[in-house]
Structure formats: structure tokens, C-alpha cells
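Each residue of the sequence shown is one higher than the last, beginning at 1 in full-length UniProt numbering.
For each residue, glycine too, the CB sits at the ideal point set by N, CA and C.
Worksheet for the structure shown next.
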Amino acid sequence: MADVKTAKGHRSERLRRLGSALLVVVGTLSVGGAIFVVSGVYNVAARRDHLSITNWLLTVVRDRSIAAAASGISVPDLVDDNLADLGAEHYRGACAACHGVPGQGPRVVYQNMLPTPPDLISAYEDYNSRELFWIIYNGLKFTGMPAWPGDGRSDEVWTLVAFLDRLRREGADSYTQSERSRVLPMKLEVAGVAIQPLENCVRCHGDAQSPPVSDRVPRLHGQSEAYLTRAIENYSDGIRESGIMEPIALEMSTEETAALARYYASLPSPHIVASEDPKAVVRGRRIATEGLAEGGIPPCSSCHKGDNPQFPRLAGQSATYLRGQLELWRRGLRDRSGYGAIMAVVANRLNDAQIHDVTAFYASQPAELGRESEVPIR
């Protein structure tokens, strides 16, 4: 019995000694680390790369964090030119400044950032679609990559992921081939100075001779000046969320907003009528012109028949765009203004089938009819 007690005593003594030694080691490392931090000996200049161990640690922490956070994200069908074309135009306007032209990499100034913005032609070599979505939407700490400005606008982020997916499948040439020729108004200027934001507008919304680049973009041609001005102001004030539109609207002066609204209001509507399911069009016509009393849904034409300049004309807009906007109202991303609050209620009363039908109806109508008081079936 005495031998057992002696053995236990020796083990306890060894554990106490080991604990003391560990405390000394931890204390020494803590003091050494503190001295290292406050001494300023570590060079944080962007001209010097991190130590190899620092690079390894940052890379492992970053990539494991991205993979874990993105694991549950559902990926839509990305093989869609309407998605990818819109993503390409946003890339030209916002991302190319840092990441450069795909296949050529960033400009000289941005090559001196640490870390250097990657050439996104190879984005899929390091990440999958879920992870790329997460990076674009959330941004990355310790880099120049910002979070997406439009809170909740995952629909916009997927356009860029679709664009990167097309780069993976088709290569860098698909980027230059997707660029459209544009006809800019020669005399659109304020106080003799050309309006710079116009290029940002026509890139996606088209111009005097071009329709929008994607069916996810509204046709501004022939909309009222009052509505267009209010829409830009809502983006600028943050009433409407959009990572694409908010940065552009914030840079526009009152004079530029007014001039651009006049420009688009003066344009004839593009003669594009979608081919929709005739039965869906008939059902949608009833919702648009009569409403659904049983569901508490008023007729769309009570506001959108084209005679009130504060409401957009829906005839001729793509069904994809209209469905997307109704989904935003359902999710509470467009209900912070008086007009939006009305639509939020209506959108939440419509079921998916009704949304399909009413958007099919408006997409089937020539845009010129939006200027009239009646919207006939065709």
C-alpha cells in the first residue's frame, strides 16, 4: 500500500514539474510575442511579401473559412447568357479596375497591392461556384475585396458568378466578344460638360439603338422622367438596394440625373415582344386588368396602365425582370418607400403561378401600349 502511495506521489510531482515548465514556456513565448508586436520589427509595407509561414497561415484560415461558410449555398443554373452578359457588364464597370481584363491581369498600380488582385480567368482553379458567390457577396478581410454593396441582393451576385463560369468554360475571348457597340448621344451634357455616368447606364440598359443587355434589366426607353428620377434618387438614398445601381447613383448630381431621365424618356421603346404561353397570357390578363378579388389582389392596371408618371410602364418588360422584382418585394428588399410598401403587400398575396401568368402577360405586350390607358390582349 505504501508503494502505491509513493508511486502516486512521484507522478504528482512529475506533473507539477511539467506544469511549471509549460507555464515558463508559455510565459516566455507570450513575452517574446508581445515584444515582437510592439517593437515594430515586422515589415507591413506592401512592397514586402509576408513571411512564408504567415502566407501559409492566412491562406489556410481564409480558404477553410470560405469553404465552411459556403457549404450550404444552393447554386442556380449558371449556363445562362442573360446572367453572364449582365455579369460581364458589371465586371467592366466595377471589377476590371482592380482585376484587369481577363487573361491580362490587373493594371500596374493594382499589381502593387498585397495581396495582388487575382486574374479571375483562373477563379475556378481555387474555388467552386458556392465559394465564389460567398467571396463576392461577403468580401474578404485583409484584402481590398469589399462586401457587395446591395444587402440581400444575391440575384445580382449570381450574375458575376455566371460570368466567371463562362470564362472557365469559354476562355478570355468570351469577355471581349460580349462587348457591344453603343450609340451615345452626342449632345448630352450639362454646362458644356459631357455626362460621364451615361456610359454606366447604356452598358446595361441600352441606348437609342440597343435594348438592355439582359432580360434581367429593365427597359428604361419611354419611361416617364418622374419615375426615372425617383428611381435614381431611391438608389442614391439607399431606399432601393442594389450593388450595381447604388454606387452609380451616388456619384450622379441632380443635373445629371435629370438629363439622363430626359434622355431615356425621349427614346422610343424597343420593339421586342416575348413569345409567351397563350394560356398563361390569358390568365395574366385577368390579374392585370381585373385583379383577383378572392385574393385581395387589385388590378395592376390601376397603377401601371401608363397614365401616372410616378409608376413604371410594365408592357414590354421581360417576364424574368418582372418576376425578379416581385421576388424582391416578397423578400422585403423593396418595401422601404411609400410606393414600395404598396407593392410588397401585393407581391406577398400573389402565388408563384399567378406571378408567372401576370408577368407573361406584360412581357407579351408591345411596350408602346404602356403609354395608353387600356392594355388589350393580343
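The beta carbon of residue 143 sits closer than 7 Å to those of 115, all from its chain and outside the five residues before and after it, given in chain order. The beta-carbon separation of residue 198 and residue 260, rounded to 6 Å, stays under the 8 Å limit for a contact. Distance from the CA atom of residue 35 to the CA atom of residue 43, rounded to whole angstroms, is 15 Å. For residue 210, the secondary structure class from DSSP, reduced to helix, strand or coil, is strand. Scanning its chain for C-beta atoms nearer than 8 Å, with the 5 sequence neighbours on each side dropped, one finds around residue 329 the residues 335, 340, 343, 344, 346, 347, 348, in chain order. In the DSSP assignment, residue 297 forms a beta bridge with 292. Pairing residue 365 with residue 287 gives a Cβ-Cβ distance that is not under 8 Å. With the rule of 3 Cβ pairs closer than 8 Å, the segment 96-116 does not count as touching the segment 215-230.
The Cβ neighbour count for residue 117, taken over all protein chains shown within 10 Å, is at least 16; the residue is labelled buried.
Residue 69 is not a Cβ neighbour of residue 148, given a cutoff of 8 Å.
DSSP, reduced to helix, strand and coil, places residue 101 within a strand of the structure shown. For residue 26 and residue 33, the gap between their C-alpha atoms comes out near 10 Å. When the beta-carbon positions are compared, residue 140 and residue 91 stay at least 8 Å from each other. Nearest to residue 173 by C-alpha distance, out of 241, 206, 246, 88, is 88. Runs of the alpha helix (DSSP H) lying entirely within the segment 37-123 and spanning at least 4 residues, in chain order: 52-70, 81-90, 96-99, 108-111. Spatial neighbours of residue 215 in its own chain (CB-CB distance under 7 Å, excluding positions within 5 residues in sequence) are listed in chain order as 82, 318, 320, 321.
Per DSSP, the unbroken alpha helix (DSSP H) holding residue 154 starts and ends at 154-170.
Burial state of residue 126 is exposed, judged by a 10 Å Cβ sphere holding fewer than 16 other Cβ atoms.
The Cβ neighbour count for residue 266, taken over all protein chains shown within 10 Å, is under 16; the residue is labelled exposed. Counting C-beta atoms within 10 angstroms of its own C-beta, residue 252 has 16 or more neighbours from the protein chains shown and is therefore classed as buried. Each of 84, 85, 121 was checked against the Cα of residue 100, and the nearest Cα belongs to 121.
If you compare the alpha carbons of 323, 58, 363 with that of residue 155, the shortest gap goes to 323. For residue 356, the enclosing alpha helix (DSSP H) starts and ends at 352-363.
Less than 8 Å separates the beta-carbon of residue 153 from that of residue 243. Judged by DSSP secondary structure, residue 234 falls within the alpha helix (DSSP H) whose first and last residues are 225-237.
For a cut-off of 8 Å, the C-beta gap from residue 264 to residue 228 is around 6 Å, short enough to register as a contact. Excluding the 5 residues flanking it on each side, residue 300 has same chain C-beta neighbours closer than 6 Å at 288, in chain order.
The shortest CA-to-CA distance from residue 46 to any of 112, 16, 57, 179 is the one to 112. Boundaries of the alpha helix (DSSP H) around residue 246: 245-250.
Per the coordinates, the alpha-carbon of residue 326 lies some 31 Å from the alpha-carbon of residue 175. For residue 282, the secondary structure class from DSSP, reduced to helix, strand or coil, is helix. Annotation: residue 49 to residue 75 spans about 35 Å, alpha carbon to alpha carbon.
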